[in-house]
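I have placed the structure first, in the form of structure tokens, so that the comments after it can refer back to it.
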Amino acid sequence: MSDLDTRLLQAHAADDKPTLVALYEEAADSAGTDLEAACFYLTHAYVFALELGHPHAPQLHQKLCVQGRES
Amino acid sequence: MAQQTSDLSAVRRSVDTAQGLSNDHYINPAFFEEEKQAVLFATWSGLAVASDVPEPGDAVPMTFLGMPLLLIRDKDGDVRVFYNTCRHRGMILVDEPRKIEGAIRCPYHSWCYSTKGNLVTTPHVGGPGQNTHTAINRDELGLNEVRSHIWRDVVFINISGDAPDFADMHADLIKRWAEHEKPLYHGGQNSKFQLAVETNWKLAVENYCESYHLPWVHPGLNSYSRLEDHYNIAEAGKFSGQGTLVYRQLKDENGNTFPDFDGLSSYWDEGAEYITVYPNVLLGAQRDHAFAIVLEPQEMAKTVEHIHLYYATPTTDEGLRTTNSQMWKTVFEEDIFVVQGMQRGRHSPGFDGGRFSPAMDGPTHCFHEWVAGRIESYRSLKTAAE
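Protein sequence lines correspond, in order, to chains S and X.
Residue numbers 1 to 71, in the numbering used here, belong to the letters of the first sequence in order.
Residue numbers 1 to 386, in the numbering used here, belong to the letters of the second sequence in order.
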């Protein structure tokens, strides 16, 4: 299990949503050319950002829209 | 459900010959189911108070006659009531009172809704990482909203969705208390309390509407507010209650009182009124404070009274508020044994609904007649539809 996986599990266990936003953004960035994986992680980052009213929500939404994954 | 029968014509006679609603209306579960549809869902029932959600994003899940509801103050400050159910798989959305910082996220598949009920995202609905699908029209899948209206801080809901507008249905009462259309400031934590009573909700209304019992059940109150100082309020088909001509302000040891509501006429110097907004909200209007009691009909013979006290100014003396809350709590607790006793009494087969005092029970009969009218209309519509 990667360090990122471990940190994600810890953040889920702690219900630490600001950290979940950051870690899923990090996971999307580290997906490289795997667009499907990147959009999967971006979706999770976006959902938690929406729930929190997090300032990154608009830009995450925009990124997903650009890829045709969100409306 | 089989058609219920009970002789409602006897209830609808004039007060001097009328019988009260029969036992079935208090102890028969089939009648309770009928009453839900005919009375509680078809009109404007009290659910809560807007002060339960003081700030934008505040959300409180609640249950009304088994239905899961969500009381929320949206981002623009408007109080709304939604069914607390995700449009996807019917999951309960909010399990405990909390602040919605951004969106309401369903804990199951994370569909997210704005505080106004709009569906804002549907993660992976089109497959992993694809959050849209042509079959999922978000505009059609917002939270189901319950029709609501706020008056005197009480959140009223119309479950059937087809009652006349609240302001039309209660126009006469709103007009009667037009002088009291002032900002009401909830007294805060020490100005709200609940009483759980083993009774049908209607008996709490009936007891509240009349002053006949005051000298017997509230002897302390009677020392300064005697029976002969009260008058009946009974507007057929609309509302009922009682008034007093000797309202006395609470004073602390230094003679301080609560500030008055601005601009009241001299009638209210010593006048006060206590009226039921049919079906289940008991209101009090006085020169220096008001109260609202929302009766939560949990079961046929189980009711929770949610009591809230309000003042004319945002801040008032905490000690005086505490004393006032305790005084009202004592009064309302004194009523518990009678509403519970009347409930137990309705298991007596020989009880025929009872006879009213034409002089003293007009407000109670007014309520019975209104309930009977709602039920008769419901039965007629049901018969016509069959």
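In this text, a Cβ means the ideal position worked out from N, Cα and C, and glycines have one as well.
The structure displayed is predicted, hence computed values, not measured ones.
Excluding five sequence positions before and after N23 (chain X), the CB atoms of its chain that fall closer than 8 angstroms to its own CB belong to R346, H347, S348, P349, F351 and G353, given in chain order.
Taking the Cα positions, H61 (chain S) is about 14 angstroms away from A103 (chain X).
Within 7 angstroms of the CB of C112 (chain X), the CB atoms of chain S belong to V47, L50 and E51, in sequence order along the chain. Within chain S, the residues V47, F48, L50 and E51 have their CB atoms less than 9 angstroms from the CB of R105 (chain X), given in chain order.
Contact between R355 (chain X) and Q37 (chain X) does not hold, since the beta-carbon distance rounds to 29 angstroms and is not under 8 angstroms. In this structure L214 (chain X) touches L227 (chain X) by the C-beta definition: roughly 6 angstroms separates them, less than 8 angstroms. One finds nothing in chain S with a Cβ atom closer than 9 angstroms to the Cβ of H133 (chain X); even the nearest lies about 10 angstroms away. Taking every protein chain shown into account, the CB of T316 (chain X) has 16 or more other CB atoms within 10 angstroms, so this residue is buried. Secondary structure at D74 (chain X): coil, using DSSP grouped into helix, strand and coil. Put simply, the region 263 to 270 of chain X does not touch the region 144 to 164 of chain X. Fewer than three CB pairs are less than 8 angstroms apart.
No Cβ of chain X is located within less than 8 angstroms of the beta carbon of H12 (chain S).
Apart from sequence neighbours up to five positions away, the residues of its chain that approach A38 (chain S) with a beta-carbon distance below 7 angstroms are A28 and A31, ordered along the chain.
Nearest to S71 (chain S) by C-alpha distance, out of X:L119, X:G77 and X:V81, is X:L119. For T276 (chain X), the three-state secondary structure derived from DSSP is strand. Counting the other Cβ atoms within 10 Å of the Cβ of N254 (chain X) gives fewer than 16, which makes it exposed.
Closest by C-alpha distance to K382 (chain X), out of X:E34, X:A30 and X:D7, is X:E34.
Secondary structure of S266 (chain X) (DSSP, three-state): coil. Neighbours of H124 (chain X) across chain S, judged by C-beta separation under 9 angstroms: F40 and T43.
The region 69 to 84 of chain X and the region 105 to 112 of chain X do not touch, with fewer than three beta-carbon pairs separated by less than 8 angstroms. H149 (chain X) is bridged by DSSP to X:F156. Less than 8 angstroms divides the Cβ of N200 (chain X) from the Cβ of Y26 (chain X).
The beta carbons of V205 (chain X) and L295 (chain X) sit closer together than 8 angstroms.
Around V281 (chain X), no beta-carbon contact reaches into chain S at under 7 angstroms, the shortest distance being about 34 angstroms. DSSP places T121 (chain X) in the uninterrupted beta strand (DSSP E) bounded by L119 to T121. Following the DSSP letters along the chain, one finds T330 (chain X) in no beta strand (DSSP E) but inside the alpha helix (DSSP H) bounded by residues E318 to E334. In this structure, the CA atom of D16 (chain S) is about 10 angstroms from the CA atom of L9 (chain S). In chain order, F41 and V146 place their CB closer than 7 angstroms to the CB of I159 (chain X), counting only its own chain and leaving out the 5 sequence neighbours on each side. Between the C-alpha atoms of K251 (chain X) and G90 (chain X) there is a straight-line separation of about 52 angstroms. For A38 (chain S), the enclosing alpha helix (DSSP H) covers residues L35 to L52.
Close to A57 (chain S), with beta-carbon spacing below 8 angstroms, are these residues of chain X in chain order: G102. Our two residues, R12 (chain X) and A372 (chain X), have alpha carbons roughly 7 angstroms apart in a direct line.
Between T43 (chain X) and P279 (chain X) the beta-carbon gap is near 6 angstroms, inside 8 angstroms, which marks them as a contact. Taking the C-beta atoms as reference points, E333 (chain X) is found no nearer than 8 angstroms to N190 (chain X). Secondary structure of A384 (chain X) (DSSP, three-state): helix. T115 (chain X) is positioned such that its CB atom lies no closer than 8 angstroms to that of R138 (chain X). Around the beta-carbon of R321 (chain X), 16 or more other beta-carbon atoms lie within 10 Å, marking it buried.
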